[in-house]
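Here numbering that gives the first Met the number 0 is used: the first residue of the sequence shown is 0, the next is one more, and so on.
Idealized CB from N, CA, C, for every residue including glycine.
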Amino acid sequence: MKKLWASLRMVLLLPMIAVGVSQTSGQAVRQAAPAIAAEQAVPAFEDIKSQAELDKAVAALDAALFDSYNRCELEKFASFFAEDVEFYHDQGGVTLGRAALTDSVKKNICGKVTRELHDD
0 MKKLWASLRM
10 VLLLPMIAVG
20 VSQTSGQAVR
30 QAAPAIAAEQ
40 AVPAFEDIKS
50 QAELDKAVAA
60 LDAALFDSYN
70 RCELEKFASF
80 FAEDVEFYHD
90 QGGVTLGRAA
100 LTDSVKKNIC
110 GKVTRELHDD
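Encoded structure:
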């Protein structure tokens, strides 16, 4: 199960975003995951029994996160992150907290870029 949990946490470690989270973030992810999962038909973490199921869940959550990002649905976008998220940009440095991250996306990204997941 450790491998499954580590892979689930990887949903926040996307090519465009390097996110470091505090020790409490695992709890925050588990609390947010049921609402996100219900909306995206992703099974609860406890119900994921194989790597294939985990891969499918991570892909669905990745798609949902970046759909909200691409559409500037900021409330939904913010729901994917712990309150105490730490966002590290390779050029802009650190952004601390969900509200600051969401505000930064609103001011700098919305309507300017999109992200698409490719199967390669």
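Roughly how far, in whole angstroms, is the beta-carbon of residue i from the beta-carbon of residue j, given that I think they are within contact range, below 8 Å?
{"i": "leucine 100", "j": "phenylalanine 79", "result": "So it is not a contact: roughly 10 Å between Cβ atoms."}
In whole angstroms, what is the alpha-carbon distance linking residue i and residue j?
{"i": "asparagine 107", "j": "lysine 48", "result": "39 Å"}
{"i": "glutamate 45", "j": "tyrosine 87", "result": "30 Å"}
{"i": "histidine 117", "j": "lysine 55", "result": "14 Å"}
{"i": "aspartate 66", "j": "leucine 53", "result": "20 Å"}
{"i": "glutamine 22", "j": "valine 93", "result": "Its pLDDT being 35, under 50, glutamine 22 is placed unreliably by the model, and the measurement read from it follows with that caveat. Going from the Cα of glutamine 22 to the Cα of valine 93 covers about 18 Å."}
{"i": "serine 103", "j": "alanine 77", "result": "11 Å"}
{"i": "aspartate 61", "j": "lysine 111", "result": "20 Å"}
Assuming contact is defined by CB atoms lying nearer than 9 Å, are residue i and residue j in contact in what I supplied?
{"i": "arginine 97", "j": "tyrosine 68", "result": "no"}
{"i": "aspartate 83", "j": "leucine 95", "result": "yes"}
{"i": "alanine 59", "j": "alanine 40", "result": "yes"}
Residue i by DSSP, collapsed to three states: which one?
{"i": "phenylalanine 79", "result": "coil"}
{"i": "glutamate 115", "result": "coil"}
Give a yes or no on whether the minimum CB-CB distance between residue i and chain D is below 9 Å.
{"i": "aspartate 61", "result": "The structure shown contains no chain D; it is built from a single protein chain."}
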